[in-house]
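Student:
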Amino acid sequence: MKTIHEFEIKKMLRLASEAREKAYAPYSHFRVGACLKTETGAYYLGANIENAAFTPTNCAERTAMFKAIYDGERSFEAIAIISDGLNYTAPCGVCRQVLAEFCSPDMPVICADRDGNYVVHELRELIPMAFTSDDLKNN
Ligand code: THU
């Protein structure tokens, strides 16, 4: 795994918890915030944005990721996620696939509970054998 210092993790979790304040979660009342750090040291923040039709809901991780991609960012150092939950919040399956598109398999994913306790996993642990552009080769 890439090295990430505790002070950096704490900073990212502080930013992610600020982002959580911006969640639009009137249906689940479960707010999530994410902080995505680029390799150039920029921080992209996101929160979950729900929808009355439920399916169009966008998770915090994808909000942060899509903001960054739109800005032209393509290299990422780490992502931190914090929610209102008692458990460590790990990215959902859809977000794992989006992370696999843009992030290296050894990128640290910091998953926190609402009190800021956290675990760190490599992306490859969360989405082993990910389907990526390499797998589209057919000749
Ligand atoms: N959610 C996220 O934003 N990120 C996660 O990692 C897990 C789930 C959101 C989606 C929905 O708005 C709410 O949490 C409940 O599932």
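For what it's worth, numbering that gives the first Met the number 0 labels the leading residue of the sequence shown as 0, then goes sequentially.
Ideal Cβ placement from N, Cα and C applies to all residues, glycine included.
The ligand THU and Glu124: does the residue's C-beta get closer than 7 Å to at least one heavy atom of that ligand?
Tutor: No, the ligand THU has no heavy atom inside 7 Å of this Cβ.
Student: For a test of the three-state rule: what should DSSP assign to Phe6, helix, strand or coil?
Tutor: Looking at Phe6 - three-state DSSP - the assignment turns out to be helix.
Student: Tell me which residue opens and which closes the beta strand (DSSP E) that Phe101 is part of.
Tutor: Premise fails: Phe101 lies in the alpha helix (DSSP H), 92 to 101, not in any beta strand (DSSP E).
Student: Is DSSP giving Ile186 helix, strand or coil here?
Tutor: Absent from the model: residue 186. The displayed extent of the chain is 0 to 138, so no value can be given.
Student: Less than 8 Å between the beta carbons of Val119 and Pro107, yes or no?
Tutor: Result yes, Cβ atoms of Val119 and Pro107 sit closer than 8 Å.
Student: Have a look at Glu60 and Glu7 and give me their C-alpha separation to the nearest angstrom.
Tutor: In a straight line, the C-alpha of Glu60 is about 18 Å away from that of Glu7.
Student: Which runs of the alpha helix (DSSP H) at least 4 residues long sit entirely within the stretch 25 to 112? Give them in chain order.
Tutor: Complete alpha helix (DSSP H) runs here, min 4: 59 to 69, 92 to 101.
Student: Any residue with its Cβ nearer than 7 Å to a heavy atom of the ligand THU should be included. What is that list in chain order?
Tutor: In chain order, the qualifying residues are Ala24, Ser27, Phe29, Val31, Asn47, Glu49, Thr56, Cys58, Ala59, Glu60, Ile80, Ser82, Thr88, Ala89, Pro90, Cys91, Cys94.
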